[in-house]
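*Asks:* Residue numbers (our numbering): 7 to 143. Virtual Cβ for every residue (Gly too), placed ideally from N, Cα, C. Fair warning: this is a prediction, and the values are worked out from it, not measured in the lab.
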């Protein structure tokens, strides 16, 4: 299975995305990691990937906001329609509402979000990677 992991550069999301990448590679998947801030304005093709993961930080408790760079990388990403997707945010207060916002952005671009979770540790990333790898088989 080929996995594209896109992540924001705020907070500890880079570390969480790298931990998720290691977990997918332990499961035998080929993964590519793309930072939303480092990509510039070049389009990102999701055509060769079976799964598109998005790891994002957020701010706000009652009305959480994801970084603008996440919205822009989703708009720059091509061939997302009908792709399986997974949404992840750091485990902290307000994460449930932040996941809803993130999934809404992904679904607006045509991604079928069939897994979502909060990530707080390496064990969380391993659990998520195992479940997603099993569902792809």
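Confirm, please, whether the CB-CB distance from residue 86 to residue 52 is below 8 Å.
*Replies:* Contact: yes.
*Asks:* Grab the span of the alpha helix (DSSP H) containing residue 90 for me, first residue to last.
*Replies:* Unbroken run through residue 90 is the beta strand (DSSP E), 90-96; no alpha helix (DSSP H).
*Asks:* Which class does residue 77 belong to by DSSP, given the choice of helix, strand or coil?
*Replies:* Residue 77: helix per DSSP, three-state reduction.
*Asks:* According to the neighbour-count rule (16 or more other Cβ atoms, all chains shown, within 10 Å of its Cβ), is residue 65 buried or exposed?
*Replies:* Exposed is the call here.
*Asks:* Taking residue 73 as the reference, which of 14, 84, 91 has the closest Cα?
*Replies:* Ranking 14, 84, 91 by Cα distance to residue 73 puts 14 first.
*Asks:* Spell out a yes or no on whether the segment 100-111 and the segment 133-140 are touching, meaning 3 or more CB-CB pairs, one atom from each, closer than 8 Å.
*Replies:* With a cut-off of 8 Å, the segment 133-140 and the segment 100-111 do not count as touching, because too few Cβ pairs lie within range.
*Asks:* Tell me which same chain residues have a C-beta within less than 6 Å of the C-beta of residue 76, skipping the five on either side of it?
*Replies:* Cβ neighbours of residue 76 beyond the five flanking positions: 14, 42, 62.
*Asks:* What three-state label does DSSP hand residue 22 in the structure shown?
*Replies:* Helix at residue 22.
*Asks:* Once DSSP output is grouped into helix, strand and coil, what is the label at residue 36?
*Replies:* Here residue 36 sits in strand by DSSP.
*Asks:* Are the beta-carbon atoms of residue 17 and residue 96 separated by less than 8 Å?
*Replies:* Their beta carbons are under 8 Å apart, which means residue 17 touches residue 96 by this criterion.
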